[in-house]
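Working notes, beginning with the structure itself.
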Amino acid sequence: MDLRDAYFVDGVRTWFGKARPDGAYWTTRADDMVTKIMRELMRRNPTVPWNEVDDSIWGATTQSGDQGTTMGRTVVFTAGLSEKVPGFSVDRMCAGGMTCQTIGSSFIKTGVADIIIAGGVEHMGHHPMGQGADPNPRIVTEKMVEPKYFNMGVTAEKLHDWLVENGEQPVTKEEADEYAYHVTKRYFKALDAGYYHKHCVDMAVFTPTGWKVADRDEQARRDTSLESIRGLRKFPFKAEGRVTAANSSGLNDGATVSLLMSGQKCKELGIKPKMKFVGAAFMGVDPSIMGWGPVPSTEKVLKNYGLKFSDLDIIELNEAFAVQAVGFMKHFGMTPPEDPRLNPYGGTIAVGHPLASSGVRLSMQLAQDFEMNPKAKYGLTTMCVGLGMGGSMLWENAVGKF
Ligand SMILES: CC(C)(COP(=O)(O)OP(=O)(O)OC[C@H]1O[C@@H](n2cnc3c(N)ncnc32)[C@H](O)[C@@H]1OP(=O)(O)O)[C@@H](O)C(=O)NCCC(=O)NCCS
9 MDLRDAYFVD GVRTWFGKAR PDGAYWTTRA DDMVTKIMRE LMRRNPTVPW NEVDDSIWGA
69 TTQSGDQGTT MGRTVVFTAG LSEKVPGFSV DRMCAGGMTC QTIGSSFIKT GVADIIIAGG
129 VEHMGHHPMG QGADPNPRIV TEKMVEPKYF NMGVTAEKLH DWLVENGEQP VTKEEADEYA
189 YHVTKRYFKA LDAGYYHKHC VDMAVFTPTG WKVADRDEQA RRDTSLESIR GLRKFPFKAE
249 GRVTAANSSG LNDGATVSLL MSGQKCKELG IKPKMKFVGA AFMGVDPSIM GWGPVPSTEK
309 VLKNYGLKFS DLDIIELNEA FAVQAVGFMK HFGMTPPEDP RLNPYGGTIA VGHPLASSGV
369 RLSMQLAQDF EMNPKAKYGL TTMCVGLGMG GSMLWENAVG KF
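The opening position of the sequence shown corresponds to residue 9 in this note's numbering, with each subsequent residue numbered one higher.
Given below as structure tokens:
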């Protein structure tokens, strides 16, 4: 064991709400959601010297309003940490939180830090996608990116066609629908077995109809059947398309946080971390096929760290759209939808996707997957990112190693 190795110790999230007026968090501030999960992380880990945290790093796609004022620093005050704890914020759209974890783990490996808080938040109800954005006109006039591809759903429609045109295995609408049904079924099985209760924290929220407790993910539909998914005839992104509300991730509010620590600090504090950071890679692709990003970023991370795809025992993939998850599976020789290695306890289509928070959600699930599958050695968290990117983080099971 190299004591400068970086480890994932623990992770907590809010349940994910629907980003609309009847959603749980409609009148709750994003930074209050962040404070809630920070306090819960602290409560669950009482032996951590919280005032000695070396940095607090938070992702948010829209960095204004209740997600502005540099979340990484403001949470230090709202959660009651010492003013000595510094913080900063990061934007890589959906991979904001994942990038915070990569930066934090790299800080630890290089000796910049021993204890890191890395989180992500997105209140898509308060900050709809693209809010306040003013893209440079040259992007359009010089045809750098066709404006329609700023809409992620349109890129998912394009991906269906692109796979066929580019020698990849095609993904039909039927396969995308089957996948959506399958991850939803897996989600409810895991939910009923208490899997999600281990890392989600209930939160009291004030709503237009009074105080309530946000104690469930609102995106998933328990009554979903394959027939109802297939029967959905509204195509929000293309006339007579293939991408529907049922085979897409939703518009959600949520916050996630993780605690990262050096091996040396874990030893000193008697903390048993759940997984070791092996490495990460980010790659750009043509923005019009945004969902393809995880394929090259996964190939790159595996190559850089000397592993093969077959070395991966568990993959937590953020399926922004089912076509993208099925395309990834087929490319790497997995059998969609039921390959047990990918999203074994449900996926984003059911859980919800509050953009910058999702990467950290994947890591807390992978850590729990490792605990439940002690024989598993390597795992991957991976996601596609707006304007055509993919991010992949490699992790090694550390359960029982300390
Ligand atoms: C797809 C999207 C446009 C749908 O938004 P929406 O219309 O508000 O979604 P709703 O939940 O109201 O569902 C729309 C319809 O589909 C139906 N539906 C949704 N999921 C369903 C399911 N699993 N089974 C059956 N019907 C379903 C709803 O009942 C609703 O029908 P209605 O209009 O008759 O009431 C939106 O979720 C979206 O933009 N997703 C992508 C987000 C994104 O791009 N994220 C970034 C990724 S990189």
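Don't be surprised by glycine CBs; every beta carbon is placed ideally from N, CA and C.
Since the structure is predicted, the reported quantities are computational estimates derived from the model, not experimental observations.
Cβ-based burial, residue i [other Cβ within 10 Å; buried from 16]
i           : result
residue 109 : buried
residue 97  : buried
residue 13  : buried
residue 280 : exposed
residue 405 : buried
residue 380 : exposed
residue 158 : buried
residue 88  : exposed
residue 180 : exposed
residue 219 : exposed
residue 419 : A query on residue 419 cannot be resolved here, the shown segment of the chain reaching from 9 to 410 and no further.
residue 413 : In the structure displayed, the chain extends from 9 to 410; residue 413 sits before or after that span and is not available.
residue 185 : buried
Residue i, DSSP secondary structure in three states
i           : result
residue 62  : coil
residue 97  : strand
residue 400 : strand
residue 52  : helix
residue 10  : coil
residue 90  : coil
residue 28  : coil
residue 312 : helix
residue 152 : coil
residue 240 : coil
residue 220 : strand
residue 232 : coil
residue 264 : strand
Near ligand 1: residue i beta-carbon under 7 Å from a heavy atom
i           : result
residue 168 : no
residue 411 : Residue 411 lies beyond the stretch modelled for the chain, which goes from 9 to 410, so this question has no answer here.
residue 105 : no
residue 328 : yes
residue 236 : yes
residue 12  : no
residue 229 : yes
residue 305 : no
residue 72  : no
residue 361 : yes
residue 400 : no
residue 160 : yes
residue 258 : yes
residue 244 : yes
residue 89  : no
Assumed close pair residue i, residue j - CB separation to whole angstroms, cut-off 8 Å
i           : j           : result
residue 309 : residue 288 : 6 Å
residue 232 : residue 203 : Not really, about 18 Å apart at Cβ, beyond 8 Å.
Run of the alpha helix (DSSP H) containing residue i, from where it starts to where it stops
i           : result
residue 179 : Where residue 179 is concerned, there is no enclosing alpha helix (DSSP H), given that its DSSP letter is neither H nor E.
residue 370 : 366-380
residue 116 : 104-117
residue 339 : 330-339
residue 23  : From DSSP, residue 23 is part of no alpha helix (DSSP H); its letter is neither H nor E.
residue 287 : Looking at the DSSP string, residue 287 is not in any alpha helix (DSSP H); the run it does join, the beta strand (DSSP E), is 283-292.
Start-to-end residues for the beta strand (DSSP E) that takes in residue i
i           : result
residue 130 : 123-131
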